[in-house]
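Engineer: Once you've had a glance at the structure underneath, I'll fire off some questions.
2 protein chains.
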Amino acid sequence: MDQKYTLENIEELFNFIENKQYRNLKDAIVDWNEADIAELIEKVAEEYGNEKAVLLFRLLSKDVASDVFAFLPTYVQADIVNVMSDVEVKNILEDLYVDDAVDLIEELPANVVKRVLKNATSQTRATINQFLKYPDNSAGSIMTNEYLAIKKTLTVQQTFDYIRSNGQDMETIYTLFVTDKQRHLEGIVTVKDLLMNPYETVVEDIMDPNVIYAVTTDDQEDVADQFSKYGLVTMPVVDSENRMVGIVTVDDVVDVMEDEATEDIEKMAAILPTEKPYLKTSVFNTWKSRIPWLLLLMISATFTGQIITSFEDALATCVVLTAFIPMLMDTGGNSGSQASVTIIRALSLGDIEFKDIFKVIWKEFRVSIVCAITLATLNFGKIMLIDRLLFNNTDVTVFIAFVVCLAMVFTIIVAKFVGCTLPMLAQKIGLDPAVMASPFITTIVDAISLLIYFGIAKWLLNI
Amino acid sequence: MDQKYTLENIEELFNFIENKQYRNLKDAIVDWNEADIAELIEKVAEEYGNEKAVLLFRLLSKDVASDVFAFLPTYVQADIVNVMSDVEVKNILEDLYVDDAVDLIEELPANVVKRVLKNATSQTRATINQFLKYPDNSAGSIMTNEYLAIKKTLTVQQTFDYIRSNGQDMETIYTLFVTDKQRHLEGIVTVKDLLMNPYETVVEDIMDPNVIYAVTTDDQEDVADQFSKYGLVTMPVVDSENRMVGIVTVDDVVDVMEDEATEDIEKMAAILPTEKPYLKTSVFNTWKSRIPWLLLLMISATFTGQIITSFEDALATCVVLTAFIPMLMDTGGNSGSQASVTIIRALSLGDIEFKDIFKVIWKEFRVSIVCAITLATLNFGKIMLIDRLLFNNTDVTVFIAFVVCLAMVFTIIVAKFVGCTLPMLAQKIGLDPAVMASPFITTIVDAISLLIYFGIAKWLLNI
Numbered sequence: 143m144d145q146k147y148t149l150e151n152i153e154e155l156f157n158f159i160e161n162k163q164y165r166n167l168k169d170a171i172v173d174w175n176e177a178d179i180a181e182l183i184e185k186v187a188e189e190y191g192n193e194k195a196v197l198l199f200r201l202l203s204k205d206v207a208s209d210v211f212a213f214l215p216t217y218v219q220a221d222i223v224n225v226m227s228d229v230e231v232k233n234i235l236e237d238l239y240v241d242d243a244v245d246l247i248e249e250l251p252a253n254v255v256k257r258v259l260k261n262a263t264s265q266t267r268a269t270i271n272q273f274l275k276y277p278d279n280s281a282g283s284i285m286t287n288e289y290l291a292i293k294k295t296l297t298v299q300q301t302f303d304y305i306r307s308n309g310q311d312m313e314t315i316y317t318l319f320v321t322d323k324q325r326h327l328e329g330i331v332t333v334k335d336l337l338m339n340p341y342e343t344v345v346e347d348i349m350d351p352n353v354i355y356a357v358t359t360d361d362q363e364d365v366a367d368q369f370s371k372y373g374l375v376t377m378p379v380v381d382s383e384n385r386m387v388g389i390v391t392v393d394d395v396v397d398v399m400e401d402e403a404t405e406d407i408e409k410m411a412a413i414l415p416t417e418k419p420y421l422k423t424s425v426f427n428t429w430k431s432r433i434p435w436l437l438l439l440m441i442s443a444t445f446t447g448q449i450i451t452s453f454e455d456a457l458a459t460c461v462v463l464t465a466f467i468p469m470l471m472d473t474g475g476n477s478g479s480q481a482s483v484t485i486i487r488a489l490s491l492g493d494i495e496f497k498d499i500f501k502v503i504w505k506e507f508r509v510s511i512v513c514a515i516t517l518a519t520l521n522f523g524k525i526m527l528i529d530r531l532l533f534n535n536t537d538v539t540v541f542i543a544f545v546v547c548l549a550m551v552f553t554i555i556v557a558k559f560v561g562c563t564l565p566m567l568a569q570k571i572g573l574d575p576a577v578m579a580s581p582f583i584t585t586i587v588d589a590i591s592l593l594i595y596f597g598i599a600k601w602l603l604n605i
Numbered sequence: 143m144d145q146k147y148t149l150e151n152i153e154e155l156f157n158f159i160e161n162k163q164y165r166n167l168k169d170a171i172v173d174w175n176e177a178d179i180a181e182l183i184e185k186v187a188e189e190y191g192n193e194k195a196v197l198l199f200r201l202l203s204k205d206v207a208s209d210v211f212a213f214l215p216t217y218v219q220a221d222i223v224n225v226m227s228d229v230e231v232k233n234i235l236e237d238l239y240v241d242d243a244v245d246l247i248e249e250l251p252a253n254v255v256k257r258v259l260k261n262a263t264s265q266t267r268a269t270i271n272q273f274l275k276y277p278d279n280s281a282g283s284i285m286t287n288e289y290l291a292i293k294k295t296l297t298v299q300q301t302f303d304y305i306r307s308n309g310q311d312m313e314t315i316y317t318l319f320v321t322d323k324q325r326h327l328e329g330i331v332t333v334k335d336l337l338m339n340p341y342e343t344v345v346e347d348i349m350d351p352n353v354i355y356a357v358t359t360d361d362q363e364d365v366a367d368q369f370s371k372y373g374l375v376t377m378p379v380v381d382s383e384n385r386m387v388g389i390v391t392v393d394d395v396v397d398v399m400e401d402e403a404t405e406d407i408e409k410m411a412a413i414l415p416t417e418k419p420y421l422k423t424s425v426f427n428t429w430k431s432r433i434p435w436l437l438l439l440m441i442s443a444t445f446t447g448q449i450i451t452s453f454e455d456a457l458a459t460c461v462v463l464t465a466f467i468p469m470l471m472d473t474g475g476n477s478g479s480q481a482s483v484t485i486i487r488a489l490s491l492g493d494i495e496f497k498d499i500f501k502v503i504w505k506e507f508r509v510s511i512v513c514a515i516t517l518a519t520l521n522f523g524k525i526m527l528i529d530r531l532l533f534n535n536t537d538v539t540v541f542i543a544f545v546v547c548l549a550m551v552f553t554i555i556v557a558k559f560v561g562c563t564l565p566m567l568a569q570k571i572g573l574d575p576a577v578m579a580s581p582f583i584t585t586i587v588d589a590i591s592l593l594i595y596f597g598i599a600k601w602l603l604n605i
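Line by line, the protein sequences are chains P and D. Per the working numbering, residue 143 is the first one in the first sequence, and the count goes up by one each step. Per the working numbering, residue 143 is the first one in the second sequence, and the count goes up by one each step.
Below, the structure is given as structure tokens:
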């Protein structure tokens, strides 16, 4: 299992390329896993360009080559296809599972798509064209059609024979889908079921008729949730007329989960979703994904400015109040975003639903009370000890400290309330709760905390 | 496939419970998937207490009961075990896969653990005790020992016979692990390989000797990354002496990925990781997970207070400057957190490494320039049109607007720089980059943006 050359000492492999010792390179990677070879090709494309990557690709045996190609990220596939010959493209396309082929086609520029589809067999072309019609992020868009369907009248022995003669190019052979003449799904049977029963048993007697399935138009995130809930490794997909048209496999679901987590995290940081890895995204595209929220949040900060302006006279009388504005705003923002992020995640994991809103508010209220008392007490001590004694700032009186801490208590309570309710309301009206995360909450809580602070100051200090 | 009673009309099932019509309840759920029954039991426990949940559990046939139990969240399992009889506990424990049994044991209070282990067979007890020793979040802690190991001298036919007689209770039978007498891993062979070759072929000739494996002490997150990279459904785990001791299966990896994403998101919102679902966590535990960062960030906001205090005289001369503090701080904070969250996610997906730091800084620098120019230009327009003309605030001069916008440009550039470098440095020194997310960056950027703002104001306005 130990190899002389690995991705850890990639420089030596690069040496082979620079010295054109392709025979040595081929020998070095002969025992590698396909996923590792794909990573090597990706790095070669980065370092030496697509032509060298294709050259390396050509060193592989035909079997290995198509597996390696399937492991490459789609944007690298698209780059490589650009510099491949028509025959090479045709071979690869025929060997790819249809879900991977469709992903590739969607990434290619129109003129290359034309060339690629021209070179495909008419059957492949028809399948790809059909699969291209499924909406983005739907079950249809991540499914593949390489599965085994059988009739319920087969025996275990006949089923094994069927698998032996038809299973070679299937994405999974461990689950067999039992369908009738109209391709309606009647049940599933696993190879484990087959192995645990005598050879003469009929499939109908051992199949499981209660199948968890998806419809082509279902959201891929819901499909992923089903996989996780039921512990599935594969799931059949049916069309609107209940005919089986494909399967989703767990490896695609793992990718979906990763993408959806990235998208949630991006939304929480006020970034529009991006498609490519960080270093592959152009400066312009990164700018495009970040500027809309920055702009919106900047404009909405006009309110905080207005609030301060309207209290300008009070602030002029008691300038020391200004020093505590950032601390109050930050504490409010942090408290609010803790609540909102917790709720957003709980909603997305299905731990809570809209009907739990009063339970959530009641819980956040109690948490905010304890947090507020802890923070305000310690803050009072901090102000008196550090700001007043240590820094010798005589403007900071006990009364000022009291005003700041009282404002802090109310700010935290309101911030937690806003933080927990907005994501739930967002989901209720059909928005993604993730947009109600930290930056958005912060902007709202900033305005609220200033109003509370100045309100209390005016009232207690008579300014 | 259509059932009269589902989780959608759970109220009717609750009626059966309230009217003690347990026979009807049993009939209603007879065809349900085990995962759905588990969800029902969880809801019954919530609504009517653990006794009723156990009552429902006892309605299930023995086979179904253990599968259903495995689908329950660990904290519900622990609650139910508390009110079960010794015999029931014993049966369940023997039927659980060892990874699930270990999770359960870890959740139970000490006195219940004693009772449970007393009731287990000595072999189960020994296995559980051994598995309990693996560190939290290690490959050892998520693996199970229900796998099939074979010798390489077997033929395909002999292997099938072996599976037929030993495969019933295995977590997976589709991958067979080829080991020598000392249990060293020599290769793997899949049921697909077996099915695609003649019955008389010897395993040695068709096994794959290049196995991706984990060591018991490997981090579970690394194991999950391997599953995703190589598209695996199962992975063998070896001990420090290279002997095979267990397997990790893809369903556990899906759970790990979900947990790790939750943990990352919590860290990014300055929350310490929590174990249980939101509504199951006590107010005290929620408080405990949120207060440390709130405190730290509140204390560190002392700096912003000090900065404002030291510019108090300048602010008194030109109070209008105060109105733009929140907007500048927020824009800086949002810009910084966009960069930091993007980098944290890219690090966690393996898209970038520490050696890319200069590429990253260069990219963020260009993005920040474009963002800064766009925002500053629009902000200048906004200040002149809204703040000056619309709100008729004559203190807002062109010169003030220029100072604010210049401060904004520098703030955004510095914020993006801080936001992209801190997570990378954190990883370099062995910290989790996720702690360098929005709240932390905001606190740093707040201080920096104030220094820039007041510095520019003092210099240009001569105050």
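Think of the CB as a built atom: it goes at the ideal place given N, C-alpha and C, for glycine as much as any other residue.
Applying a beta-carbon distance threshold of less than 7 Å, which residues of chain D neighbour T451 of chain P?
Structural biologist: Taking the first sequence and counting its residues from 1, the one referred to as residue 451 of chain P is at position 309. Chain D residues near T451 of chain P: A465 and N535.
Engineer: Between V320 of chain P and L296 of chain P, what straight-line distance do the alpha-carbon atoms span, to the nearest angstrom?
Structural biologist: On the first sequence, residue 320 of chain P is found 178 positions in, with the first residue counted as 1. On the first sequence, residue 296 of chain P is found 154 positions in, with the first residue counted as 1. Taking the straight line from one Cα to the other gives about 10 Å.
Engineer: Excluding five sequence neighbours on each side, which residues of the same chain lie with their C-beta closer than 7 Å to the C-beta of D209 of chain P?
Structural biologist: By one-based count along the first sequence, residue 209 of chain P stands at place 67. Result list for D209 of chain P: E176, in chain order.
Engineer: Of all the alpha helix (DSSP H) runs that stay within the bounds of the region 383-414 of chain P, which reach a length of 4 or more residues?
Structural biologist: 392-410
Engineer: Can you check whether the C-beta of T584 of chain D is within less than 9 Å of a C-beta belonging to chain P?
Structural biologist: Locating residue 584 of chain D in the second sequence gives position 442, counting from the first residue. Closer than 9 Å: yes.
Engineer: Using 10 angstroms around the beta-carbon of I598 of chain D, count the other beta-carbons present and answer buried if the total reaches 16, otherwise exposed.
Structural biologist: In the second sequence, residue 598 of chain D corresponds to position 456, counting from 1. So I598 of chain D ends up on the buried side.
Engineer: Does the beta carbon of E153 of chain P come closer than 9 Å to any beta carbon on chain D?
Structural biologist: For the purposes of this step, residue 153 of chain P is identified with residue 11 of the first sequence, where counting begins at 1. Chain D, which has no Cβ nearer than 9 Å to the Cβ of E153 of chain P, makes this no.
Engineer: Strictly under 9 Å for the Cβ-Cβ distance: is M338 of chain P near chain D by that measure?
Structural biologist: Numbered from its first residue, the first sequence carries residue 338 of chain P at position 196. Chain D contact via Cβ: present.
Engineer: What does T446 of chain D reach in chain P if we use C-beta pairs closer than 7 Å?
Structural biologist: Here the question's residue 446 of chain D lines up with position 304 in the second sequence. Neighbours of T446 of chain D on chain P, chain order: P468 and M469.
Engineer: Can you give the beta carbon distance from L336 of chain P to V387 of chain P, rounded, assuming they're within the 8 Å contact cut?
Structural biologist: Translated into the one-based positions of the first sequence, residue 336 of chain P becomes position 194. Translated into the one-based positions of the first sequence, residue 387 of chain P becomes position 245. At roughly 24 Å, the Cβ-Cβ gap does not stay under 8 Å, so L336 of chain P and V387 of chain P are not in contact.
Engineer: Under 8 Å by Cβ, that's how I've got A195 of chain P and I179 of chain P pegged, so tell me the actual separation to the nearest angstrom.
Structural biologist: Within the first sequence, numbered from 1, the residue matching residue 195 of chain P stands at position 53. Within the first sequence, numbered from 1, the residue matching residue 179 of chain P stands at position 37. At roughly 11 Å, the Cβ-Cβ gap does not stay under 8 Å, so A195 of chain P and I179 of chain P are not in contact.
Engineer: What number of angstroms, rounded off, separates the C-alpha of M143 of chain D from the C-alpha of N352 of chain P?
Structural biologist: Position 1 of the second sequence, counted from the first residue, corresponds to residue 143 of chain D. Position 210 of the first sequence, counted from the first residue, corresponds to residue 352 of chain P. Note on M143 of chain D: pLDDT 42, under 50, position unreliable in the model; the coordinate value appears next. Roughly 5 Å separates the two Cα atoms.
Engineer: In the structure shown, what three-state DSSP assignment does P434 of chain P receive?
Structural biologist: As a working note, residue 434 of chain P is residue 292 in the first sequence. In the structure shown, P434 of chain P sits in a helix (DSSP, three-state: H, G or I).
Engineer: Starting from G572 of chain P and walking both ways along the beta strand (DSSP E), at which residues does that stretch end?
Structural biologist: The count along the first sequence starts at 1 and reaches residue 572 of chain P at position 430. From DSSP, G572 of chain P is part of no beta strand (DSSP E); its letter is neither H nor E.
Engineer: So for M143 of chain P, helix, strand or coil by DSSP?
Structural biologist: Against the first sequence, residue 143 of chain P aligns to sequence position 1. Reliability fails at M143 of chain P, whose pLDDT of 42 lies under 50, so the model's placement of it is uncertain and no value is given.
Engineer: Mind checking who F319 of chain D pairs with in its DSSP beta bridge?
Structural biologist: Counting from 1 along the second sequence, the entry for residue 319 of chain D is found at position 177. In DSSP, F319 of chain D forms a bridge with D:A291 and D:I330.
Engineer: Please decide whether M399 of chain P counts as near chain D, where near means a Cβ-Cβ distance under 9 Å.
Structural biologist: Here the question's residue 399 of chain P lines up with position 257 in the first sequence. With 9 Å as the cut-off, M399 of chain P counts as an interface residue toward chain D.
Engineer: Report the neighbours of I354 of chain D on chain P: residues whose CB is nearer than 7 Å to its CB, in chain order.
Structural biologist: Stepping through the second sequence from its first residue, residue 354 of chain D is reached at position 212. The contacting residues are N175.
Engineer: Please tell me whether P606 of chain D and I467 of chain P are closer than 9 Å, where the distance is taken between their beta carbons.
Structural biologist: The displayed coordinates of chain D run from 143 to 605. Any statement about residue 606 of chain D would go beyond what the structure contains.
Engineer: Check the Cβ of L457 of chain P against every Cβ in chain D and list those closer than 8 Å, keeping chain order.
Structural biologist: Position 315 of the first sequence holds residue 457 of chain P. The answer, in chain order, is V461 and T464.
Engineer: So, at 7 Å on beta carbons, what are the nonlocal neighbours of M312 of chain D in its own chain, with the 5 sequence-adjacent residues on each side left out?
Structural biologist: As a working mapping, residue 312 of chain D is identified with position 170 in the second sequence. Taken in chain order, the residues that qualify are E288, Y289 and L290.
Engineer: Verify whether the separation of the beta carbon atoms of F552 of chain P and I583 of chain P is less than 9 Å.
Structural biologist: Mapped onto the first sequence, residue 552 of chain P falls at position 410. Mapped onto the first sequence, residue 583 of chain P falls at position 441. No. Outside cutoff.
Engineer: Could you compute how far the alpha carbon of L606 of chain P sits from the alpha carbon of E189 of chain P?
Structural biologist: Past the boundaries of the shown model lies residue 606 of chain P; chain P is included only from 143 to 605, so the question cannot be answered.
Engineer: Pair every Cβ in the region 301-311 of chain P with every Cβ in the region 397-409 of chain P, then say whether three or more of these pairs are closer than 8 Å.
Structural biologist: The region 301-311 of chain P vs the region 397-409 of chain P: no contact.
Engineer: Is the CB of V577 of chain P under 9 Å away from at least one CB in chain D?
Structural biologist: Residue 577 of chain P sits at position 435 when you count from the first residue of the first sequence. Using a CB distance cut-off of 9 Å, V577 of chain P does not count as an interface residue toward chain D.
Engineer: Are the C-beta atoms of F211 of chain P and some chain D residue less than 9 Å apart?
Structural biologist: Within the first sequence, numbered from 1, the residue matching residue 211 of chain P stands at position 69. Chain D contact via Cβ: absent.
Engineer: Given a limit of 7 Å on CB to CB distance, which residues of the region 308-321 of chain P reach chain B?
Structural biologist: Included in the structure are the protein chains P and D, with no chain B among them.
Engineer: Going by other Cβ atoms of all chains shown within 10 Å of its Cβ, with 16 needed for buried, is V502 of chain P buried or exposed?
Structural biologist: Mapped onto the first sequence, residue 502 of chain P falls at position 360. Per the 10 Å Cβ criterion, buried.
Engineer: Where does T451 of chain P sit, in a helix, a strand or coil, going by DSSP?
Structural biologist: Stepping through the first sequence from its first residue, residue 451 of chain P is reached at position 309. In the three-state DSSP reduction, T451 of chain P falls in the helix class (H, G or I).
Engineer: Since I515 of chain D and D394 of chain D are thought to touch, with beta carbons under 8 Å apart, how far apart are those beta carbons, to the nearest angstrom?
Structural biologist: For this step, residue 515 of chain D is matched to residue 373 along the second sequence. For this step, residue 394 of chain D is matched to residue 252 along the second sequence. Their Cβ separation, rounded to whole angstroms, is 49 Å, which puts I515 of chain D and D394 of chain D out of contact at 8 Å.
Engineer: W429 of chain P versus chain D: which residues are under 9 Å apart at the beta carbon?
Structural biologist: The residue labelled residue 429 of chain P in the question sits at position 287 within the first sequence. In chain order: R508, V509, V512, C513 and T516.
Engineer: Which residues of chain D have a Cβ atom closer than 7 Å to the Cβ of Q300 of chain P, listed in chain order?
Structural biologist: Counting from 1 along the first sequence, the entry for residue 300 of chain P is found at position 158. Near Q300 of chain P there are no residues of chain D at all, since even the closest Cβ is about 14 Å away, more than 7 Å.
Engineer: Terminal residues of the continuous alpha helix (DSSP H) containing V254 of chain D?
Structural biologist: By 1-based counting over the second sequence, the position of residue 254 of chain D is 112. Segment A252 to N261, the alpha helix (DSSP H) holding V254 of chain D.
Engineer: Considering just the uninterrupted stretch of the alpha helix (DSSP H) at P581 of chain D, what are its terminal residues?
Structural biologist: Along the second sequence, read from residue 1 onward, the residue named residue 581 of chain D stands at position 439. Its alpha helix (DSSP H) spans residues S580 to L603.
Engineer: Taking the alpha-carbon positions, what's the Y276 of chain P to K422 of chain P distance?
Structural biologist: Translated into the one-based positions of the first sequence, residue 276 of chain P becomes position 134. Translated into the one-based positions of the first sequence, residue 422 of chain P becomes position 280. C-alpha separation (whole angstroms): 27 Å.
Engineer: Report the CB separation of L567 of chain P from S477 of chain D in whole angstroms; it is logged as a contact under 8 Å.
Structural biologist: Mapped onto the first sequence, residue 567 of chain P falls at position 425. Mapped onto the second sequence, residue 477 of chain D falls at position 335. That pair is no contact at about 27 Å.
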